[in-house]
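Q: First the structure, then my questions, so here it is.
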Amino acid sequence: DTVVNTGAEGGPDAENGDTGQFVRGNAVRTTINENGRQIVAAEGTANTTVVYAGGDQTVHGHALDTTLNGGYQYVHNGGTASDTVVNSDGWQIVKEGGLADFTTVNQKGKLQVNADGTATNVTLKQGGALVTSTAATVTGSNRLGNFTVENGNADGVVLESGGRLDVLEGHSARKTLVDDGGTLAVSAGGKATDVTMTSGSALIADSGATVEGTNASGKFSIDGTSGQASGLLLENGGSFTVNAGGLASNTTVGHRGTLMLAAGGSLSGRTQLSKGASMVLNGDVVSTGDIVNAGEIRFDNQTTPDAALSRAVAKGDSPVTFHKLTTSNLTGQGGTINMRVRLDGSNASDQLVINGGQATGKTWLAFTNVGNSNLGVATSGQGIRVVDAQNGATTEEGAFALSRPLQAGAFNYTLNRDSDEDWYLRSENAYRAEV
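Numbering (full-length UniProt numbering), first residue to last: 1 to 435.
Structure, rendered in C-alpha cells:
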C-alpha cells in the first residue's frame, strides 16, 4: 500500500510530469491525497487506486479499479482505464486515443471524453455528468436506457449537472434529454432532433443549425436551411445567434441567456428579455413584432477600416459603425439599452427606431462615449436623435431615461423628449461646475 501526497498538476488538461509516483511496473492499493499524483507509464499498471480531491492519476498504461473521490484521472493516447468509479466532484478525462471501459459515474461525478477518445460500457447514474462531442465514441446506459455516441451520431444522451454534448457540423443527435445543468451545443450544419429541454438547461446554436424539440414554453425549432427559428428559450448560459438573413420568432431570453444578431438578422412576434438576459446587436436589426425588455440590449462596438468609412461611420482614431434597432413596439420593464455615441462634434449615435407602434413602460438608456472624452462639444438644433419615432409611432413620457450621468469635455448631456415623439441628447447651456 502506498500513499502519494505530491506531484499533482490538477485541471482537466494536465499532462505527464516529472513529480509524484511514477509507475513502470505494478502499483497496488495506492492512495493519492490532495496535491498527490500517480503517473502510470505505458508499460505500467495501477490497480485499486483511490484518488481524493486535489490529487490526480495520469494514465499512459493501464489503470484498473480506480475510485475518484473528488480526484481526477487522465487517460492519455494509448492508455486504458477499466472499472473506474467517479464519485462526487471526481472527473475522468479520456483524451484523444485514450480508452475507458466500464466507467461508473455517480451523482456529481463527471466523465469527459474528448474528440477521438473512447469510453465504452459507461454507467451514467442520475446526477452524473457526461461531457463529450460527436467526434468521440461513448456507449453505455443512463437513467433512460442505452445511449450511444459514435460515427458522428448521438442517440439517447442525457445531459445534466454540468454535462454537455457538442453536435458538430455534419453530425447529428436524436432523443437528447437536456436536464437541469445540462447543455446541448449544435454547430452550423449539425442536426439535433427530438430534443427535450427542461428547466435549468441550456441550448447553444445559431441559425445555421437544425434543431427541433420541446422546452418549457412548448415546441421549438431551428431550420438550418432557411435560417428561421421559432419558440426558443435561452437561459442558464444558453445562446442563439441569428445570422444575416436569419429570423427568430417568439423568442424568450431568460436569466443568463443571450440572443445575438448579426447585421441583417431579424426578429418577429414577441421577443421577451427577462432580468439577467442579454441581446447583442452586431449590425442593423429589424423586429416586426414586439420587444419586451427587462434585461439588457447592447449595440456591439465594431470598428471599420478607414478605407471603408461611410456617412454612417464616425471619423476618429477608432472608427465606429453605428447601428439601428427597429421595432414595431417596445415595452420597457426596467431593462437597459446600451448605446454608443460620439460627443466630440460628429453628433452620431446608435439609434432605436419605433416603427408605427409604441414605446411604453420604462427603459434605461446607457450611453458610452466612443469619441474623445476630452472634446465634448455643445449640441446644435434639437440635439442628437437617439430614439426615432416613425410612421405615426408614439413614445410615452417617461418611457426613456438616462441610466447614469453623461459627460464629455466641459458639458453635461441630458435626454429629452420632443413634440415629434423622438428623444434627443442635448448639452446643457452651462459648463459643468467642476470644469
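All residues carry an ideal CB built from backbone N, CA and C; glycine is no exception.
Inspect the beta-carbon positions of arginine 37 and valine 75 and report whether they are closer than 8 Å.
A: One-based indexing of the sequence shown puts residue 37 at position 37. One-based indexing of the sequence shown puts residue 75 at position 75. The answer is no: Cβ separation not under 8 Å.
Q: Can you give me the Cβ contacts of alanine 307 inside the same chain, cut-off strictly under 6 Å, excluding the 5 residues immediately before and after it?
A: The sequence position of residue 307 within the sequence shown is 307, counting from 1. Residue placement at alanine 307 is poorly supported in this model, since its pLDDT is 26, which falls under 50; the coordinates are not used for a value here.
Q: Considering only residues of the same chain and omitting the five flanking positions on each side of alanine 173, which have a CB-CB separation below 6 Å?
A: By one-based count along the sequence shown, residue 173 stands at place 173. Cβ within range, chain order: Ala154, Val167 and Ala192.
Q: Can you name the residues that DSSP bridges to valine 285?
A: Within the sequence shown, residue 285 is the residue found at index 285, counting from 1. Beta-bridge pairing links valine 285 to Leu325.
Q: My understanding is that threonine 395 touches alanine 401, with C-beta atoms under 8 Å, so please give their C-beta distance in whole angstroms.
A: Here residue 395 refers to the residue found at position 395 of the sequence shown. Here residue 401 refers to the residue found at position 401 of the sequence shown. Rounded, the Cβ-Cβ distance is 12 Å, inconsistent with contact.
Q: Looking at the strands, I want to know which residues DSSP matches up with arginine 174.
A: Taking the first residue of the sequence shown as 1, we reach residue 174 at position 174. The partner list for arginine 174 (beta bridge, DSSP) reads Asp155 and Thr193.
Q: Considering only their Cβ atoms, is the gap separating glycine 231 from phenylalanine 240 smaller than 8 Å?
A: The count along the sequence shown starts at 1 and reaches residue 240 at position 240. The count along the sequence shown starts at 1 and reaches residue 231 at position 231. No.
Q: Answer with buried or exposed for glutamate 43, where buried requires no fewer than 16 other C-beta atoms within 10 angstroms of its C-beta.
A: Translated into positions along the sequence shown, residue 43 becomes position 43. Exposed.
Q: Is the closest heavy atom of the ligand HEM to the C-beta of threonine 252 under 7 Å?
A: You won't find the ligand HEM in this model; it holds no ligand whatsoever.
Q: Can you check the stretch 197–280 for any beta strand (DSSP E) of at least 3 residues that lies completely inside it and give the ranges in chain order?
A: DSSP runs (the beta strand (DSSP E)) wholly in the stretch 197–280: 202–206, 210–215, 218–223, 228–230, 239–242, 247–253, 258–262 and 266–273.
Q: Taking just the CA atoms, how far does threonine 198 sit from isoleucine 354?
A: For the purposes of this step, residue 354 is identified with residue 354 of the sequence shown, where counting begins at 1. For the purposes of this step, residue 198 is identified with residue 198 of the sequence shown, where counting begins at 1. Distance between the alpha carbons of isoleucine 354 and threonine 198: 35 Å.
Q: What did DSSP end up calling threonine 368 once you bin it into helix, strand or coil?
A: Counting from one through the sequence shown, the residue named residue 368 turns up at place 368. Three-state result, threonine 368: strand.
Q: Relative to the C-alpha of alanine 262, which candidate in Arg385, Ala248, Val178 and Gly79 has its C-alpha closest?
A: Walking along the sequence shown from the start, residue 262 turns up at place 262. Measuring from the Cα of alanine 262, the nearest candidate turns out to be Ala248.
Q: When DSSP labels each residue in this structure, what does threonine 303 get in the three-state scheme?
A: For the purposes of this step, residue 303 is identified with residue 303 of the sequence shown, where counting begins at 1. Below a pLDDT of 50, predicted positions are generally treated as unreliable, and threonine 303, at 37, falls in that range; no measurement from the model is reported.
Q: Of all the options Asp180, Ser207, Ser201 and Gly200, which has the alpha carbon lying nearest to the alpha carbon of valine 186?
A: Indexing the sequence shown from 1 puts residue 186 at position 186. The residue with the shortest Cα to Cα distance from valine 186 is Ser207.
Q: Could you tell me the distance, in whole angstroms, from the CA atom of valine 28 to the CA atom of asparagine 87?
A: Within the sequence shown, numbered from 1, the residue matching residue 28 stands at position 28. Within the sequence shown, numbered from 1, the residue matching residue 87 stands at position 87. So the two alpha carbons sit approximately 20 Å from each other.
Q: Excluding the 5 residues flanking proline 405 on each side, which residues of the same chain have their C-beta closer than 8 Å to its C-beta?
A: Residue numbering aside, residue 405 sits at position 405 when the sequence shown is read from its first letter. So the list reads Asn412, once near-sequence residues are dropped.
Q: For the beta strand (DSSP E) containing phenylalanine 400, list its first residue and its last residue.
A: For the purposes of this step, residue 400 is taken as residue 400 along the sequence shown, with counting starting at 1. Segment 400–402, the beta strand (DSSP E) holding phenylalanine 400.
Q: Output the distance between the C-alpha atoms of alanine 314 and alanine 294, rounded to the nearest integer angstrom.
A: The residue labelled residue 314 in the question sits at position 314 within the sequence shown. The residue labelled residue 294 in the question sits at position 294 within the sequence shown. Residue placement at alanine 314 cannot be trusted, given a pLDDT of 40 that sits under 50; the coordinates are not used to answer.
Q: So what does DSSP say about alanine 53, is it helix, strand or coil?
A: Numbered from 1 along the sequence shown, position 53 holds the residue referred to as residue 53. It is coil, neither helix nor strand.
Q: Taking Cβ to Cβ, would you say glycine 90 is nearer than 8 Å to valine 59?
A: For the purposes of this step, residue 90 is identified with residue 90 of the sequence shown, where counting begins at 1. For the purposes of this step, residue 59 is identified with residue 59 of the sequence shown, where counting begins at 1. It is not a contact, given that the beta carbons lie outside the stated cut-off.
Q: Using the three-state DSSP reduction, which class does valine 377 fall into: helix, strand or coil?
A: On the sequence shown, residue 377 is found 377 positions in, with the first residue counted as 1. Valine 377: coil per DSSP, three-state reduction.
Q: For residue 436 and glycine 190, what's the separation of their Cα atoms in angstroms?
A: Residue numbering for the chain in the displayed model covers 1 to 435; residue 436 lies beyond these limits and cannot be assessed.
Q: Is phenylalanine 102 helix, strand or coil when you go by DSSP?
A: For the purposes of this step, residue 102 is taken as the residue at position 102 of the sequence shown. Coil, per DSSP.
Q: Beta strand (DSSP E) containing serine 427: first to last residue?
A: Along the sequence shown, read from residue 1 onward, the residue named residue 427 stands at position 427. First-last of the beta strand (DSSP E) with serine 427: 423–427.
Q: Here's the rule I'm using: 16 or more other beta-carbon atoms within 10 Å means buried, otherwise exposed. How should histidine 171 be labelled?
A: One-based indexing of the sequence shown puts residue 171 at position 171. It counts as buried.
Q: Quick check on DSSP: helix, strand or coil for serine 187?
A: As a working mapping, residue 187 is identified with position 187 in the sequence shown. In this structure, serine 187 counts as coil in the three-state DSSP scheme.
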